[in-house]
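Presented below is the structure to which this report refers.
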Amino acid sequence: MFKLFKPLLGLLFFLLLLACSGKNEVASLLSEAESYMTVKPDRALCLLDSVKWPEDLSRKEQALWCLLYTEAQEKNRIKHSSDSLIQIAVRYYEKAGWEDRKMQAYYYCGNVFYDLNDALQAQEYYLKAYEVGKSLDAPSLLGQLCANLGSLYTFQKLYQPALNYQKKAVDYFVQDADTVSLSVTLRNIARIYVCENKLDSAIIYYSIALLHTSDSHELYMSNELADAYSRVGDYERGLSYAWKAYSKIETADDSCLVSLTLGDLYLKTGKMDSAYSYFSFARKSTDLHTVCDAYRNLSRFEKYRQNWKASADFQEQYELLRDSIEKQTYMETLARLQSLYDYRLVEKEKEYYRQEADRKTNYLYRLWGGSSFFLLMAVCVAFYLFKEKKKKEEQQDQSLRLQEQKYKESQEYLKERNVTIVKLEQQIAVEQERIEENIQRYEKKLAQETDRAAEKERELKMVQVLLNEKLVVPIDGIQEEVDFNHLFFTSEMYLGLCTKWKKLDETQWPEVVKTIDHVLYRDFTSKIRILYPRISELDLVVCCLTKLDIPVGRIASLLSVNSQTISNKRKRLYEKLTHRKGSAQDFDEFIKAF
Numbered sequence: 160m161f162k163l164f165k166p167l168l169g170l171l172f173f174l175l176l177l178a179c180s181g182k183n184e185v186a187s188l189l190s191e192a193e194s195y196m197t198v199k200p201d202r203a204l205c206l207l208d209s210v211k212w213p214e215d216l217s218r219k220e221q222a223l224w225c226l227l228y229t230e231a232q233e234k235n236r237i238k239h240s241s242d243s244l245i246q247i248a249v250r251y252y253e254k255a256g257w258e259d260r261k262m263q264a265y266y267y268c269g270n271v272f273y274d275l276n277d278a279l280q281a282q283e284y285y286l287k288a289y290e291v292g293k294s295l296d297a298p299s300l301l302g303q304l305c306a307n308l309g310s311l312y313t314f315q316k317l318y319q320p321a322l323n324y325q326k327k328a329v330d331y332f333v334q335d336a337d338t339v340s341l342s343v344t345l346r347n348i349a350r351i352y353v354c355e356n357k358l359d360s361a362i363i364y365y366s367i368a369l370l371h372t373s374d375s376h377e378l379y380m381s382n383e384l385a386d387a388y389s390r391v392g393d394y395e396r397g398l399s400y401a402w403k404a405y406s407k408i409e410t411a412d413d414s415c416l417v418s419l420t421l422g423d424l425y426l427k428t429g430k431m432d433s434a435y436s437y438f439s440f441a442r443k444s445t446d447l448h449t450v451c452d453a454y455r456n457l458s459r460f461e462k463y464r465q466n467w468k469a470s471a472d473f474q475e476q477y478e479l480l481r482d483s484i485e486k487q488t489y490m491e492t493l494a495r496l497q498s499l500y501d502y503r504l505v506e507k508e509k510e511y512y513r514q515e516a517d518r519k520t521n522y523l524y525r526l527w528g529g530s531s532f533f534l535l536m537a538v539c540v541a542f543y544l545f546k547e548k549k550k551k552e553e554q555q556d557q558s559l560r561l562q563e564q565k566y567k568e569s570q571e572y573l574k575e576r577n578v579t580i581v582k583l584e585q586q587i588a589v590e591q592e593r594i595e596e597n598i599q600r601y602e603k604k605l606a607q608e609t610d611r612a613a614e615k616e617r618e619l620k621m622v623q624v625l626l627n628e629k630l631v632v633p634i635d636g637i638q639e640e641v642d643f644n645h646l647f648f649t650s651e652m653y654l655g656l657c658t659k660w661k662k663l664d665e666t667q668w669p670e671v672v673k674t675i676d677h678v679l680y681r682d683f684t685s686k687i688r689i690l691y692p693r694i695s696e697l698d699l700v701v702c703c704l705t706k707l708d709i710p711v712g713r714i715a716s717l718l719s720v721n722s723q724t725i726s727n728k729r730k731r732l733y734e735k736l737t738h739r740k741g742s743a744q745d746f747d748e749f750i751k752a753f
């Protein structure tokens with residue numbers, strides 16, 4: 160018996176050593192895989208795949224293996240198909256209280272749900288990760304976390320929170336000196352501003368992103384910046400960045416994408432042949448959105464050239480592609496709504512179980528508190544009646560105080576109102592005195608103006624008397640004047656003024672003035688100027704033609720104006736010449752008698 164026990168003891172010891180060495184080997188493998196995660200993620204994934212039975216590991220090692228395996232898939236761009244692995248890590252680290260691991264578990268759980276098109280659960284885990292990690296020194300992971308949150312909010316068209324988290328991501332990437340992630344995040348901010356139609360801000364962020372970008376992203380950023388400049392109307396800079404993007408082309412689809420931007424810029428700058436060439440080339444793209452935009456622009460181009468058949472053909476192609484894209488977008492929207500519905504169902508179930516637990520807890524509390532309730536009821540009723548009685552007494556006292564206070568306030572108000580009435584009456588008396596003084600001053604001023612006008616009228620009468628004296632001629636000269644009048648009123652000049660001339664030009668007017676002043680009415684125009692020194696040449700013409708008894712309609716025709724204008728001038732000239740109010744007929748009588 161003792162001989163058998165000794166070999167069994169040795170075998171048991173060997174198995175214990177083997178188990179311990181196995182545990183040490185797994186811990187070493189997990190540590191090595193984590194060290195390769197950043198530089199050689201494919202090597203890390205191979206090491207993790209070498210663990211044949213991860214479910215046989217300890218809870219701690221299994222949680223770490225699940226976390227690292229999910230991270231390795233993420234690094235190797237393998238799309239996640241289930242959240243079962245990462246949920247093991249989440250549950251373990253939630254209880255373990257290991258903050259940096261818990262933050263990683265939440266973050267990669269959010270990434271898994273993002274791959275599963277469950278945006279709301281991804282957002283929930285991202286926010287949990289951010290709450291845990293914002294007090295930790297992990298700028299790289301925090302930057303990726305905030306960038307992903309910003310992308311989720313952008314996907315839901317919630318642009319303001321998206322901007323907030325993308326800008327936080329920028330700060331973390333600057334702190335971590337990660338220029339590649341920094342340039343991508345700046346580009347995402349620029350895209351959000353494009354969605355909000357804030358193109359100036361978008362251009363600024365695109366320009367900053369280009370300063371930090373790598374060659375792999377430079378083509379797309381330059382092309383998007385060119386499109387932003389095109390939208391704001393800066394076509395020269397837009398072309399510059401479009402050609403910069405063109406120089407980075409590596410694939411046919413990239414070439415088609417940049418050609419679409421170049422075509423749009425050349426179309427807006429009026430270079431139709433170049434625009435047509437680039438739009439035609441863009442149709443070769445395998446991307447539906449690029450081809451759709453190309454057909455839309457070609458249809459618009461042919462419509463501009465009035466090539467209606469080609470425009471209709473391109474429009475038909477555009478509408479087919481647009482319907483296909485809208486159908487695809489519709490399906491994606493349905494999937495997103497389905498995800499939202501599923502999320503709400505899960506939340507509803509959680510809420511149901513939460514309510515059930517609360518209901519049972521509340522039942523126990525009610526059972527325990529029921530007896531206390533009835534015991535306290537009598538005390539409460541008695542206390543309530545006592546308080547009510549006291550409250551009524553206080554209300555009565557307060558009512559009396561309020562009535563007394565209102566009476567005092569009304570008396571004070573009456574006193575204040577009487578004082579105000581007295582002040583207003585005094586102000587009214589002062590105003591009446593001031594108004595009476597103003598009336599007296601204006602009456603005095605009016606009397607002075609009346610005297611001045613009478614003086615001007617006397618002066619005018621004296622001037623008229625002097626003029627009449629100077630105009631007296633001998634009787635013998637009257638016969639001569641009659642002869643001159645007869646000659647003039649039968650002359651070609653008078654016939655031209657009455658009927659023949661279409662317009663009184665600069666050569667005819669001096670002859671008419673000369674005839675009036677030297678033959679018919681000596682110094683007529685000079686005497687008019689004595690009465691009205693500042694008379695215009697046009698007004699003088701009206702005076703002369705009126706003196707010659709030319710009709711108002713004919714005067715208007717000779718001066719190329721309407722009859723109403725001549726009538727207004729006659730009325731105004733009468734006031735200027737006589738300093739009296741009068742009508743156009745008064746002017747005619749004055750001129751004829753002058």
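According to my numbering, the stretch in the sequence shown is residues 160 to 753, in order.
Each residue gets a CB set at the ideal place from its N, CA and C atoms; glycine is no exception.
Under a three-way DSSP split, which group does Pro754 fall into?
Any question about residue 754 goes unanswered here, given that the chain covers just 160 to 753.
Hey, quick one: how far does the alpha helix (DSSP H) through Leu314 stretch, first residue to last?
For clarity, residue 314 is Phe in the given sequence; the question names Leu instead. Run containing Phe314: 298-314, per the alpha helix (DSSP H) assignment.
Is the distance from the Cβ of Leu718 to the Cβ of Leu697 below 8 Å?
Contact: yes.
Cβ-Cβ separation, Phe647 to Thr819 (assumed contact under 8 Å), whole Å:
As displayed, the chain neither begins before 160 nor continues past 753, which places residue 819 out of reach and without an answer.
C-beta contact flag for Glu253 and Leu227 at 8 Å:
Going by C-beta atoms, Glu253 is not nearer than 8 Å to Leu227.
Can you give me the Cβ contacts of Lys293 inside the same chain, cut-off strictly under 8 Å, excluding the 5 residues immediately before and after it?
Excluding positions up to five away in sequence, the list reads Leu301.
Could you tell me the distance, in whole angstroms, from the CA atom of Leu308 to the CA atom of Thr229?
When only Cα atoms are considered, Leu308 and Thr229 end up about 19 Å apart.
If you draw a straight line from the alpha carbon of Lys327 to that of Ser389, how long is it in whole angstroms?
Taking the CA atoms as reference points, Lys327 sits about 29 Å from Ser389.
Measuring straight from C-alpha to C-alpha, what distance separates Asp330 and Asp215?
If I take the Cα positions, the gap works out to 42 Å.
Just tell me which of Thr197, Lys199, Tyr265 has its CA closest to the CA of Cys225.
Nearest of Thr197, Lys199, Tyr265 to Cys225, Cα basis: Tyr265.
Enumerate in chain order the residues of its own chain whose CB-to-CB distance from Tyr273 is below 8 Å, with the five nearest sequence positions on each side excluded.
Closer than 8 Å at Cβ, skipping near neighbours: Ala281, Asn307, Leu311.
Starting from the C-beta of Cys268, find all residues in its chain whose C-beta is less than 6 Å away, skip the five residues before and the five after it, and write them out in chain order.
If we look at Cys268 and ignore the five residues flanking it on each side, its Cβ neighbours are Ile245, Val249, Tyr284.
Excluding the 5 residues flanking Thr428 on each side, which residues of the same chain have their C-beta closer than 6 Å to its C-beta?
Tyr394, listed in sequence order.
Considering only C-alpha positions, which residue in the set Asn382, Leu398, Leu447 is nearest to Tyr425?
The residue from Asn382, Leu398, Leu447 with its alpha-carbon nearest to that of Tyr425 is Leu398.
Enumerate in chain order the residues of its own chain whose CB-to-CB distance from Leu223 is below 6 Å, with the five nearest sequence positions on each side excluded.
So the list reads Leu189, once near-sequence residues are dropped.
Counting along the chain, where does the alpha helix (DSSP H) carrying Gly422 start and finish?
Boundaries of the alpha helix (DSSP H) around Gly422: 411-427.
Residues near Arg218 in its chain [Cβ-Cβ closer than 8 Å; skip 5 each side]
Taken in chain order, the residues that qualify are Tyr251.
Leaving out the 5 sequence neighbours to the left and right, which residues in its chain are closer than 7 Å to Lys462 when beta-carbon positions are compared?
Result list for Lys462: Ser470, in chain order.
Out of Lys728, Val581, Glu568, Pro692, state which residue places its alpha-carbon closest to the alpha-carbon of Asp702.
The sequence given here has Cys at residue 702, not Asp. Sorting Lys728, Val581, Glu568, Pro692 by C-alpha distance to the C-alpha of Cys702 places Lys728 at the top.
Cα-Cα separation between Lys706 and Glu596, rounded to whole angstroms
Rounded to whole angstroms, the separation of the alpha carbons of Glu596 and Lys706 is 50 Å.
Leaving out five residues before and five after Lys234 in sequence, what residues of the same chain have Cβ atoms less than 6 Å from its Cβ?
Within the same chain, Pro200 come within 6 Å of Lys234 by CB-CB distance, once the 5 residues on both sides are set aside.
Exposed or buried, Arg350, counting other C-beta atoms within 10 Å across all chains shown (16 or more means buried)?
By the neighbour-count definition (other C-beta atoms within 10 Å, threshold 16), Arg350 is a buried residue.
In angstroms, rounded to a whole number, what distance separates the CA positions of Val339 and Thr445?
Linking Val339 to Thr445 through their CA atoms gives a straight-line distance of about 28 Å.
May I have a chain-ordered list of the beta strand (DSSP E) segments no shorter than 3 residues that lie completely inside the stretch 219-302?
Listed in chain order, there is nothing to give.
Quick check on the burial criterion: 16 or more other C-beta atoms within 10 angstroms. Buried or exposed for Thr658?
Burial check for Thr658: the Cβ neighbour count within 10 Å stays below 16, so the residue is exposed.
Tell me which same chain residues have a C-beta within less than 6 Å of the C-beta of Leu421, skipping the five on either side of it?
Taken in chain order, the residues that qualify are Ala401, Tyr437.
Suppose the cutoff is 7 Å on Cβ atoms and the five residues either side in sequence are ignored; what does the same chain contact list for Cys354 look like?
Same-chain partners within the cutoff: Tyr318.
In terms of residues, what are the limits of the alpha helix (DSSP H) holding His376?
First-last of the alpha helix (DSSP H) with His376: 374-391.
Residue closest to Ser243, alpha-carbon to alpha-carbon, out of Ala255, Gly256, Val271:
Comparing Cα-Cα distances from Ser243 to each of Ala255, Gly256, Val271, the minimum goes to Val271.
With distance defined between alpha-carbon atoms, name the residue in Lys662, Leu207, Glu568 nearest to Val185.
Nearest of Lys662, Leu207, Glu568 to Val185, Cα basis: Leu207.
Taking the alpha-carbon positions, what's the Ile709 to Ala752 distance?
Taking C-alpha positions only, Ile709 is separated from Ala752 by approximately 15 Å.
Cα separation between Ser722 and Thr649?
Roughly 26 Å between the two C-alpha positions.
Since Phe332 and Thr344 are thought to touch, with beta carbons under 8 Å apart, how far apart are those beta carbons, to the nearest angstrom?
In this structure Phe332 touches Thr344 by the C-beta definition: roughly 6 Å separates them, less than 8 Å.
C-alpha gap between Tyr502 and Ala278, whole angstroms:
Its pLDDT being 48, under 50, Tyr502 is placed unreliably by the model, and nothing is read from it.
Among Leu559, Cys415, Lys430, whose alpha-carbon lies nearest the alpha-carbon of Cys451?
Ranking the options by Cα distance to Cys451, first place goes to Cys415.
For Asp747, which residues from the same chain have a beta carbon less than 8 Å from its beta carbon, with the 5 sequence-adjacent residues on both sides left out?
Closer than 8 Å at the Cβ level, and outside the excluded window around Asp747, lie Thr705, Arg729.
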